[in-house]
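Under numbering that gives the first Met the number 0, residue 1008 is the last one in the sequence shown; the count climbs by one each step, no gaps.
Every residue gets a Cβ at the ideal spot worked out from N, C-alpha and C, and that includes glycine.
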Amino acid sequence: MKFTAALLLSATCLASPALAQTSTGGTTQPAATPTGAELPQTGAGLNSGRDDSGEILVTGSRIKQDPNKSALPLQIITTQQLEENGISNPEQLIGFLSVNGTGADNLASNADVTSGAQRGTNGLSAANLRGQGPAGTLVLLNGRRVAAHGLTGGAVDVNQIPFAALERVEVLKDGASAIYGTDAVGGVINFITRKDYQGVGLQGFTDITQRGDAPIYRLSAIAGYGDIKENGFNVMASVSKSWNGALQGAARDFVNGNQPNRGLTIDTRGTPIATAFPLNPSAAFFPRGTLLGGTSGATQLTNLFIPGTNIVANGGINVLDLPGGAGCQTMDGGLAYDEQLWNAPGARFACAWDTGRAAVLQQPIETLTYFGRGVLRIGGRHDISLEITGSDATSAKRFSNAQVSGNTSNLQVAYPLNDITRTTYNAIYSQIAAIFPAIGAVNDRTDDNIGNYGKPIAYRWRCIECGPREYNTNTKTFRAALGFEGPLFGDWDYRAGASYARSSAQSTLGNGYYYRGTTATNAVDPTAPTAPGASAPGLLGLLNSGIINPFSVEQSDAAKAGLAAISAFGATLYGGKYEVKQFDGSVSGGLFPIWGREIKAAFGVDYRRETYSFNGTPASATGPVIFLAAFDAVNALTPKNRNVKAAFGEVMIPIGRPLEITLAGRVDDYTGFGSTFNPKVSAKFTPTDWLMFRGSYNTGFRVPAFNQIFNGVTDSPYSGSDLVDPIRCPTFTPNTTDPNCAFIRPDILTGGNLNLGPETTKQFTGGVVFTPSRLWSASVDFWSVAVDNTITSLTLTQLIQNAALFPERFIRDPATNVITDLDNRFINAGARRTQALDFSARGGFEDVLGGRVNFGMEGTYLLKKREKLTQTSAYGPSLIGVFTFAGDLGLKWKHTAFINYTRQDFGITLTQIYRDGYRNGALPGIAAGTVTRPDYNRFVQEYIVYNLSVAYTGLSPDFKITAGIRNLFDTKPPFAITYDGNTGAGGSWEPRVADPRLRSFTIGVDAKF
């Protein structure tokens, strides 16, 4: 239907290009300038246009100036560049920027199971300039703040931006706390909309992969009436609807966790045909114990040895992997468990399952955005504007099917022997007994208190019939902004405004979730639904009755009906709301002349009130427990408020013709944090028209997000096999040959910290800009960001390797000294230092085959990325090009380059996107040096893709068709070991770097009437 609609729109436009008679006003065009664009027609605020000198308000300053002659390192992305690269949404734009970091900030990075700070990012796509994190990047719409995402309360979801109404995007590659206050640490992204549209425009866009899956569609319309100069008013509106189809992991062959020769395999032993495990007796459900014995004490089967060894098979036994078995690979997604890579010798006969194939690589999301604007000019000089924008987005996060692991703490389940199960039970018993006679004779069929036959079989099982787990998240945003702007006296003008912004989000459970049937205290839960024929409520009854067969992928009709009866589909997971109310005013103009030029100044005040609330999970407090649902009842927050009062000033001082110095400062008073003053000094020196030196120094700060302060404490079991007791194991790496380095699985404590303070930053930039001619420009800028008192949740590896710095975070059993818990709550840690070079170059030739050739590039070369965990400790090793499970992946070099040819009504563009390689991850066996694999690559290869597009306007100047190929050479993501044994997420590629869709074909139609 969506594809048909796009085709109909194209046909309509093709049939009637002659109707396109109305002027729509110019949009900013690409150019070989330091910003990459010509001088825009309108400024970066709600209204401001060019003044008599041709200067405009730009992002990062309150004083009007020419952005191409400014000391500010500014990049301008035009709508033409977006079209040429098939960029159809803000997330794709953010990934296109070389100055953006490489963090888990897109929907693909958060599509699987997440933990810690990434929880609650459902449906969120964020910006991460200079790798300083989403909370350190300020996102503006027409120069004003938008609300942070309703679930996180700490980062702006760029999907709310009205993409169809954009005129350009300005990216400030510098700190700007002296102008905007908090958040502007890594830089500022200002999405600037059309302000003068007249006529009607229709756009259609499709992007379909070569394999015919994961389609992207967008339909949009824009209309405007009135010329502000001639009629004294303009009104305009736009609406856009986009659809991103799901891309399943199993649809891409590079998603393959079964590559043991390359050092990659999957740790989960919950498989579609269950893996049997030892489990201690349950007084209520299996008082005699289970078939493979217990895990401790007298119930253990101490002679359950792997044949030919003295190793106890306590790591699981799967009949498919036994000698003569069908093989783990006969299950879809199944693979033999690699006990060497995971340092688990007792799992020799276990199977594993490739969880990455069950996750979506592109989350399905439907987004509606709308934008309306009206401006009225009074007295020929004063403008009053009202701007309304909003969005409604629904995404579906889908990941691996639920794994059921019998235990004695909250789900005491095992496969029983009864009339329903007898055939399957006997087959499983005999196959295991043939290899492990410790459980009994193969043909034993006597169910008594003497032998093991008849004891239920404990297991880990992946429920294929349950379907992938799914979170459905609906996010609604709204913003209203009222602006006033006009002249005062002389060349002084004023700008004032008020705005309200809101983001509310709610996640509900989709498929794959079921009521557990037990309470938090491990008692049978009578409030949970009971499946027909089950012996108890929820999964507890359905599994212990034997209606479900965990040793078969196919389930009976009774099992399917039972699952439907206990489904938790539609239950509310959690929801949150973030609101921002803002009032501000400023004046700017010339103070007095000096050395033949004018000293300019701007002064203003700003008031902002931020409110955040999070409802946790109301149902979890009163309703039955839902198995594996990531409820956050402990994090429920009644509305928390924060008031910000600020005053700022900026003075631009020319010193002769070549030198110009700008001084800026802002004082902010924050509820709960007191006052802070942040200055900025910037300068430019222009000895000739073609050469400019520029630089700046500024300080900044970032206050903690509400949830980083007020969240409760969540206690989660750790499932990985890569942690050790750092006191006993000085190598910090699990090693089966050293008992002191056995892996540990403590509980992990996460949550807020009422004592968190703000981060503080010092930033410096210095560079040179060359503009030898109208068609040529180049610049290189060195930048340094020094962050102190970093707000962070340390990685578990950091905690283990720096235990001496954080002894209070290791909670031990007083009797045994065993680590029971790791405290991983937010803290103000030490410091972070990041330095890099930003490169920009553009050039061109005219009169080439009757047209013009243009080329250029934007790149970032990382020089330093280091951290220290306390103010007094030493800095750790370089983090450039080093794999980490979370946070920003510091790639040494990133660039985006292009070449295009234009001739009258035709243009063709080729773009290269380059992302450098980095040190690969390693599973415990390779990390410990106890295992080697012949094809293990220590370094991940670079990722290089090309996009090709062709644009044609020959039918009419007001009708444009753009066709393109993204990932021209169908380049696959390079092999990378990203599997996380704790969460079960990740696998064989890195979503922070690569696009999983591979080659796709785009077509866009833009018609104006």
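Residue i in three-state terms, based on DSSP
i: GLY985; result: coil
i: GLU553; result: coil
i: ARG608; result: strand
i: ILE826; result: strand
i: LYS761; result: strand
i: LYS68; result: helix
i: GLY920; result: coil
i: LYS172; result: coil
i: TYR179; result: helix
i: ARG996; result: coil
i: PRO528; result: coil
i: VAL702; result: coil
i: THR274; result: strand
i: GLN411; result: coil
i: GLY153; result: coil
i: THR21; result: Caution is warranted here: a pLDDT of 31 is assigned to THR21, below 50, making its placement in the model unreliable, and the coordinate value is therefore given only provisionally. If DSSP states are grouped into helix, strand and coil, THR21 belongs with coil.
i: GLU511; result: The sequence as given places Gly at residue 511; Glu does not occur at that position. In this structure, GLY511 counts as coil in the three-state DSSP scheme.
i: GLU807; result: helix
i: PHE162; result: helix
i: THR264; result: coil
Which residues DSSP lists as bridging residue i, in chain order
i: CYS350; result: ALA335
i: MET330; result: DSSP lists no partner for MET330.
i: TRP341; result: BP columns for TRP341 are empty, so no partner.
i: TRP892; result: TYR860
i: ASN243; result: ILE215 and ILE364
i: LEU836; result: PHE781 and TYR860
i: GLU54; result: Per DSSP, none; premise fails for GLU54.
i: TRP460; result: THR270 and VAL403
i: TRP775; result: SER772
Whether residue i touches residue j by CB criterion (8 Å)
i: PRO161; j: THR393; result: no
i: ASP156; j: THR571; result: no
i: TYR606; j: PHE568; result: no
i: PHE253; j: THR423; result: no
i: GLY293; j: LEU278; result: yes
i: GLY711; j: GLY152; result: no
i: THR871; j: PHE825; result: no
i: ASN109; j: TYR470; result: no
Whole-number beta carbon distance between residue j and residue i, since they are thought to touch under 8 Å
i: LEU878; j: ARG914; result: No, LEU878 and ARG914 are not in contact; Cβ-Cβ is about 16 Å, not under 8 Å.
i: GLY924; j: ASN260; result: Contact flag wrong, Cβ pair sits at about 13 Å.
i: THR895; j: ILE912; result: 5 Å
i: ALA495; j: PHE483; result: 5 Å
i: THR420; j: TYR414; result: 6 Å
i: ASN919; j: PHE882; result: 6 Å
i: LEU334; j: ILE265; result: 7 Å
Beta strand (DSSP E) segment containing residue i, residue limits
i: SER429; result: Element bounds for SER429: not the beta strand (DSSP E) but the alpha helix (DSSP H), 421 to 434.
i: TYR470; result: 467 to 486
i: ASN400; result: 381 to 400
i: LEU748; result: 746 to 749
i: GLU90; result: No beta strand (DSSP E) contains GLU90, which is instead part of the alpha helix (DSSP H) from 89 to 95.
i: LEU508; result: 492 to 508
i: ILE943; result: 942 to 955
i: ILE191; result: 186 to 192
i: GLY537; result: Unbroken run through GLY537 is the alpha helix (DSSP H), 537 to 543; no beta strand (DSSP E).
i: ASP206; result: 198 to 208
i: SER872; result: Here SER872 belongs to no beta strand (DSSP E), and DSSP marks it neither H nor E.
i: GLN28; result: Premise fails: GLN28 is in no beta strand (DSSP E) and is neither H nor E.
i: PHE591; result: 571 to 593
i: TYR913; result: 905 to 914
Run of the alpha helix (DSSP H) containing residue i, from where it starts to where it stops
i: ILE799; result: 795 to 800
i: ALA926; result: 923 to 927
i: GLU82; result: 78 to 83
i: LEU321; result: Taken as a continuous stretch (DSSP letters only), LEU321 belongs to no alpha helix (DSSP H), as it is neither H nor E.
i: ASN706; result: 705 to 709
Any non-hydrogen atom of the ligand COA within 7 Å of residue i CB
i: THR181; result: As far as ligands go, the structure on display features none, and thus does not contain the ligand COA.
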